[in-house]
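Chemist: Chains as they are written, first to last, in my numbering: chain A, 850 to 941; chain B, -14 to 262.
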Amino acid sequence: MIVRILGEGQLEVPESVHAELNQLDADLESAVDADDEASFRSALVALLARVRETGSPTEAADLRPSELIVPQEDATMDDVRKLLTDEGLIPG
Amino acid sequence: MGVMKRVTMVFRAKANKALDRMEDPRETLDYSYQTQLELLQKVRRGVADVATSRKRVELQINQLQQQMDKYNRQAKDSLAAGREDLAREALTRKAGVQTQLDDLRTQYESLQAEEEKLSQASQRLQAKVDAFRTRKETIKATYTAAEAQTRINEAFSGISEEMGDVGLAIQRAEDKTAQMRARAGALDELMASGALDDMVSGPHDDIQAELDRMGAGHGVDRELEQMKAELAQSAPRQIQNAPAASADGNSAETQSATPLPPSAVPAGDAAQAGDPE
């Protein structure tokens, strides 16, 4: 499974961590929904840490799209909301 | 559905919309490749812009560092001259500049990280653009329009996602450099206007003026001492000269007085001469 960390590139992550990543992602989402900055920060850091731990970078010339895309480490809750709602945010 | 999945869907929707617009994918692929090359140019310009901002901050850091060194030197000079009040003032100003410097260094590191990230994004995009070109040529040469559509889907989604990510990275970098430019400009203006003179002073700040004045004062004192010493040395000579001159006068007087006793002698002689009488 390919996971992209925005601004950093793609990593190949074993399928075995898929469920765990989904759980961490659910935590992230409830933090955004609850507008809880502290939980958002810790959930994002935990999610990114797990992706980096288990994943290995793909070849730069690999043209496969990602199955999951994680916001970058310094993303704010506002940035994430824009990513989810504002179609104009992503150029191209 | 989690955040990751939803973000992915937004990216995927972009790619799908573009794919849907393709009537003959083989032609649209060329157009897409053009767009990729343009984005590649844009991300390279982005790297150059961040580098320019970083260099400007570097220049300001150097200026502030020189300022710190100067205040340090002034504090030492002031202490050596026994002026603890001036030394304290210099160190207070140094602390003010230190705060500015710490702030600039943090921004410098953030710009450096941004430059590095953008530069790597540029390399990743370059690799994908090259891979896409190869794939596109193969597909154009081998498949019919209908086949091309399915063959290209994955590659197109892949590069579209990369382009979306790079586009976001360029936006972030532009925001950061714009903020940075505004701050750097404000600091440059403050330095140029002399408004920061209390904290970031020019070559003629008041501590230096006081030190210079004291230095000049010491020079005057030294010169005065030297003159006094010279005077003290030359004065005894004058006194010696003066006694020599007056000794001459004395000797002249003694000489002129010397004939007196003989003249007194005759008087004495006369008295003596008169005595026997």
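Using N, Cα and C, we set each Cβ at its ideal position, and we do this for glycine too.
Small disclaimer: the values here were computed from a predicted structure and weren't measured.
Give the residues of chain B in contact with valine 929 of chain A, contact being defined as C-beta atoms less than 9 Å apart.
Modeler: Within chain B, the residues near valine 929 of chain A are Val(-12) and Val(-8).
Chemist: Here's a check: name, in chain order, each residue in its chain whose Cβ is nearer than 8 Å to the Cβ of valine 28 of chain B, leaving out the five neighbours to either side.
Modeler: Excluding residues within five positions, the ones whose Cβ falls inside 8 Å are Leu103, Ala106, Ser107, Leu110, Val151, Ala154 and Ile155.
Chemist: Using a 10 Å radius around the Cβ and a threshold of 16 neighbouring Cβ atoms, would you call valine 919 of chain A buried or exposed?
Modeler: Valine 919 of chain A comes out buried.
Chemist: Per DSSP, what kind of secondary structure is valine 862 of chain A in: helix, strand or coil?
Modeler: Valine 862 of chain A falls in the coil class under three-state DSSP.
Chemist: Could you check which residue in B:Ile144, B:Met199, B:Thr84 and B:Val82 has the C-alpha nearest to that of asparagine 1 of chain B?
Modeler: Nearest option by C-alpha distance: B:Ile144.
Chemist: Any chance the CB of lysine 79 of chain B is under 6 Å from a heavy atom of the ligand MG?
Modeler: Questions concerning the ligand MG fall outside what the structure shown contains, since it holds no ligand whatsoever.
Chemist: Report the option in B:Arg118, B:Arg168, B:Arg(-3) and B:Tyr128 whose CA atom is closest to the CA atom of alanine 910 of chain A.
Modeler: Nearest option by C-alpha distance: B:Arg118.
Chemist: Provide the residue span of the alpha helix (DSSP H) that contains leucine 855 of chain A, from first to last.
Modeler: No alpha helix (DSSP H) holds leucine 855 of chain A; DSSP gives it neither H nor E.
Chemist: Let me know the secondary structure DSSP gives proline 10 of chain B once reduced to three states.
Modeler: Three-state result, proline 10 of chain B: helix.
Chemist: Are there 16 or more other CB atoms within 10 angstroms of the CB of aspartate 70 of chain B, so buried, or fewer, so exposed?
Modeler: Exposed: under 16 other Cβ atoms inside 10 Å.
Chemist: Touching or not, the stretch 83 to 95 of chain B and the stretch 43 to 53 of chain B, by the rule of three or more beta carbon pairs under 8 Å?
Modeler: With a cut-off of 8 Å, the stretch 43 to 53 of chain B and the stretch 83 to 95 of chain B count as touching, because enough Cβ pairs lie within range.
Chemist: Excluding the 5 residues preceding and the 5 following glutamine 193 of chain B in the sequence, name in chain order all residues of the same chain whose CB lies nearer than 7 Å to its CB.
Modeler: Taken in chain order, the residues that qualify are Gln59.
Chemist: Return the CA-CA distance between serine 95 of chain B and alanine 898 of chain A, expressed in angstroms with no decimal places.
Modeler: Distance between the alpha carbons of serine 95 of chain B and alanine 898 of chain A is about 21 Å.
Chemist: List the residues of chain A whose Cβ lies closer than 8 Å to the Cβ of aspartate 115 of chain B, in chain order.
Modeler: Within chain A, the residues near aspartate 115 of chain B are Ala910.
Chemist: Can you give me the Cβ contacts of alanine 195 of chain B inside the same chain, cut-off strictly under 7 Å, excluding the 5 residues immediately before and after it?
Modeler: Here the sequence assigns glutamate to residue 195 of chain B, which means alanine is not the residue at that position. Within the same chain, glutamate 195 of chain B has close Cβ partners Leu71.
Chemist: Nearest CA to the CA of valine -5 of chain B: which residue from B:Asp115, B:Met53, B:Asp34 and B:Gly149?
Modeler: Closest by alpha carbon: B:Gly149.
Chemist: For leucine 893 of chain A, which three-state DSSP category applies?
Modeler: Looking at leucine 893 of chain A - three-state DSSP - the assignment turns out to be helix.
Chemist: My output table needs one value for serine 63 of chain B: the three-state DSSP class, helix, strand or coil.
Modeler: It is helical.
Chemist: Among all the DSSP beta bridges, which residues are the ones paired with serine 905 of chain A?
Modeler: Serine 905 of chain A pairs with A:Glu861.
Chemist: Cβ closer than 8 Å: which chain B residues qualify as neighbours of aspartate 874 of chain A?
Modeler: Residues of chain B passing the Cβ test: Gly(-13), Val(-12), Met(-11) and Lys(-10).
Chemist: With 7 Å as the threshold, decide whether the Cβ of alanine 112 of chain B is near any Cβ in chain A.
Modeler: At least one chain A Cβ lies under 7 Å of alanine 112 of chain B.
Chemist: If we require 3 or more residues per run, which beta strand (DSSP E) segments fall completely within the stretch 40 to 121 of chain B?
Modeler: Segments of the beta strand (DSSP E) lying fully in the stretch 40 to 121 of chain B: there are none.
Chemist: Hey, is arginine 913 of chain A's beta-carbon within less than 7 Å of any beta-carbon in chain B?
Modeler: Judged by the 7 Å Cβ criterion, arginine 913 of chain A is in contact with chain B.
Chemist: Leaving out five residues before and five after alanine 33 of chain B in sequence, what residues of the same chain have Cβ atoms less than 6 Å from its Cβ?
Modeler: If we look at alanine 33 of chain B and ignore the five residues flanking it on each side, it has no Cβ neighbours.
Chemist: Considering only their Cβ atoms, is the gap separating aspartate 874 of chain A from valine -8 of chain B smaller than 7 Å?
Modeler: Contact: no.
Chemist: CB-CB under 6 Å to arginine 68 of chain B, same chain, minus the five flanking residues each way: which ones, in chain order?
Modeler: Nothing listed; no residue qualifies.
Chemist: To the nearest angstrom, report how far apart leucine 950 of chain A and arginine -3 of chain B are at their CA atoms.
Modeler: Chain A is shown only over 850 to 941; residue 950 of chain A falls outside these bounds and no answer can be derived.
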